[in-house]
DNA sequence: ATCATAGTCGTCTGCCTGACGATAAACAGC
DNA sequence: GCTGTTTATCGTCAGGCAGACGACTATGAT
């Protein structure tokens, strides 16, 4: 049976613009960094902001986020549906921000997404390095590496993007505890030491290499050895691993207190 | 300095309707139940759906969710900002669903919220019990109590609300592991046994009363004794507790395997 | 050759958990 | 009043895991 179905009365609800904003995180030089772009127009002209853009007609939210990610970084998104590709990043929905006053121009609801990527050569936003860069999240948020607030950030992000970035960083910090997501910050093949440095950078702590090694190699499905070794970190050659199939770590990695 | 700021060009982006949908969960008769309402109009006329509605002009997303919650249940929302009130429920944002085809009438983006409430007298949606009711989530989702899929649900929910409900239930199941959120299912004063039955209902498992008692009373800040006792469950009188200030449980409650 | 750097394997101790025995305090029925 | 049933609460014990840390290995730099 086909039911006659009138479209919504446009006067029955206020119109919204819907955007996706991206919190793209990576680990560079032992620090957790986020991708920010320089705004070219008002409001907040000249300020740094999170990359993002409008959701298109006939485009899903995750599709829009993946498109923006590719446009800004050249990365392909790893979604739970799509298998891992070469130059890929983890992408998941973070939260939605819809304060009526968050954009002074009109009512904009932004569906923020979180992307975790391995260290990349250099950001490209139209190829202009002045318009996009990786910044340590401590600088952007005005926090210590552990996440505790110190002072206000020197250069606050545009709009409510500081809040969004903070939520994304907090999600990443907690999620690597109980999932294998930290491998998303690593290249396809990596060593236990490189993975440990990811945890140390994201959490802002120092971990015992011996206990860490025991933990990650002893968790079934977390890491699979590739057979190769590398000395790119100096010192004794280390075994190379790939991320195993396991996504949930049970029992979880424990973040040291204080 | 005041910068001239043109409004967005309305032709630059497609118009969206933004709604909030609610996954309201409670524990009744040893089963995890969700609030569903009967749809009065096409599409999906006569089907059960999650409560929800349009976000109003000048209304924040969390405000809209709290308003819908009060309209449907009479509950007040406990947000991290607002302190606990008498007839309150926990409310948090769940996720946002924006598939272009999720509503056949037009492009609708729905910001789903999750509410956890103690057992209530009876739902009221305009006072008509035929239009709102509590249904066990196993029936709505076609799963066993543990969460494993069995068969398709007898009466699938409208739109993508089955997906949203499943995500909300999964969020609740995992969140009571590492937070004190299970107390949101309990009245202001409750016993250890009542709290244990919440965990058993949400997880669909049977827990050892002695180990559970040791765990929850031994976690600092989880429970504070009120001094009173009750025998409303029968048997030996049990101590009454209130939820303590702690929100994160460290170490977490462990959900039994299999 | 020596040192510095990183990786890997073991040991020990303390804490937490799961399994489960035992006791306590109410109520129902005889 | 006595007995059985129900629920709450306290204890005990063994196994597993994490933190602290010693010891050894394999590379490159000086």
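Protein chains in written order, with this note's numbering: chain A, 62 to 319; chain B, 62 to 319. Cβ atoms here follow ideal geometry from the backbone N, Cα and C, with glycine treated the same way. Here the structure is a predicted model, which is why all the values come from computation and not from measurement.
7 Å CB neighbourhood of residue i in its chain, flanking five on each side removed
| i | result |
| --- | --- |
| residue 129/A | 81, 83, 112, 113, 114 |
| residue 92/A | 197, 262 |
| residue 236/A | 242 |
| residue 276/B | 314 |
| residue 89/B | 180, 195 |
| residue 204/B | 210, 211 |
| residue 125/B | 81, 116, 117 |
| residue 274/B | 253 |
| residue 131/B | 137 |
Chain-order list of residues whose beta-carbon lies under 6 Å from that of residue i (same chain, five-residue window excluded)
| i | result |
| --- | --- |
| residue 200/B | none |
| residue 305/B | 282, 283, 284, 285 |
| residue 308/A | 240, 241 |
| residue 188/A | Note on residue 188/A: pLDDT 48, under 50, position unreliable in the model; the coordinate value appears next. Excluding positions up to five away in sequence, the list is empty. |
Integer-rounded CB distance, given that residue j should sit under 8 Å from residue i
| i | j | result |
| --- | --- | --- |
| residue 105/A | residue 220/A | 7 Å |
| residue 259/B | residue 278/B | Rounded, the Cβ-Cβ distance is 16 Å, inconsistent with contact. |
| residue 303/A | residue 249/A | 6 Å |
| residue 118/B | residue 75/A | 4 Å |
| residue 301/A | residue 292/A | Residue 301/A to residue 292/A, Cβ: 11 Å. No contact. |
| residue 228/B | residue 156/B | 6 Å |
| residue 310/B | residue 280/B | 6 Å |
Reference residue i; option with closest CA among the options
| i | options | result |
| --- | --- | --- |
| residue 197/B | 164/B, 150/B, 263/B, 169/B | 263/B |
| residue 86/B | 162/B, 247/B, 102/B, 121/B | 247/B |
| residue 230/A | 206/A, 159/A, 212/A | 206/A |
| residue 109/B | 179/B, 216/B, 251/B, 302/B | 216/B |
| residue 121/B | 116/A, 158/A, 177/A | 158/A |
| residue 135/A | 125/A, 149/A, 269/A, 226/A | 149/A |
| residue 177/A | 90/A, 233/A, 119/A | 233/A |
| residue 175/B | 167/B, 287/B, 181/B, 154/B | 154/B |
| residue 116/B | 257/B, 271/B, 172/B, 212/B | 172/B |
| residue 265/B | 257/B, 166/B, 161/B | 257/B |
| residue 161/A | 312/A, 272/A, 79/A | 79/A |
| residue 238/A | 316/A, 88/A, 204/A, 164/A | 316/A |
| residue 267/A | 204/A, 102/A, 123/A, 318/A | 318/A |
| residue 322/B | 274/B, 312/B, 107/B, 222/B | Here chain B comprises residues numbered 62 to 319, so residue 322/B is not present and cannot be evaluated. |
| residue 102/B | 166/B, 208/B, 125/B, 124/B | 166/B |
| residue 123/A | 255/B, 170/B, 208/B, 271/B | 170/B |
Neighbourhood of residue i by C-beta, 8 Å cutoff - its chain only, sequence neighbours within 5 removed
| i | result |
| --- | --- |
| residue 127/A | 137, 138, 140, 152 |
| residue 226/B | 84, 95, 111, 198, 201, 202, 218 |
Closer than 7 Å: residue i CB and nearest the ligand ATP heavy atom
| i | result |
| --- | --- |
| residue 300/B | Absence of the ligand ATP is noted for the structure shown, with no ligands found whatsoever. |
Validate contact between the region 293-301 of chain A and the region 230-243 of chain A using beta carbons, cut 8 Å, 3 pairs: no
Where are the alpha helix (DSSP H) runs, 4 residues long or more, that stay fully inside the region 109-140 of chain A, in chain order? 122-134
Quick check on the DSSP output: what are the complete beta strand (DSSP E) runs of length 3 or more inside the region 254-315 of chain A, in order along the chain? 284-291, 299-304
Enumerate, from N- to C-terminal direction, the unbroken beta strand (DSSP E) stretches of 3 or more residues contained entirely within the region 179-248 of chain A. 193-197
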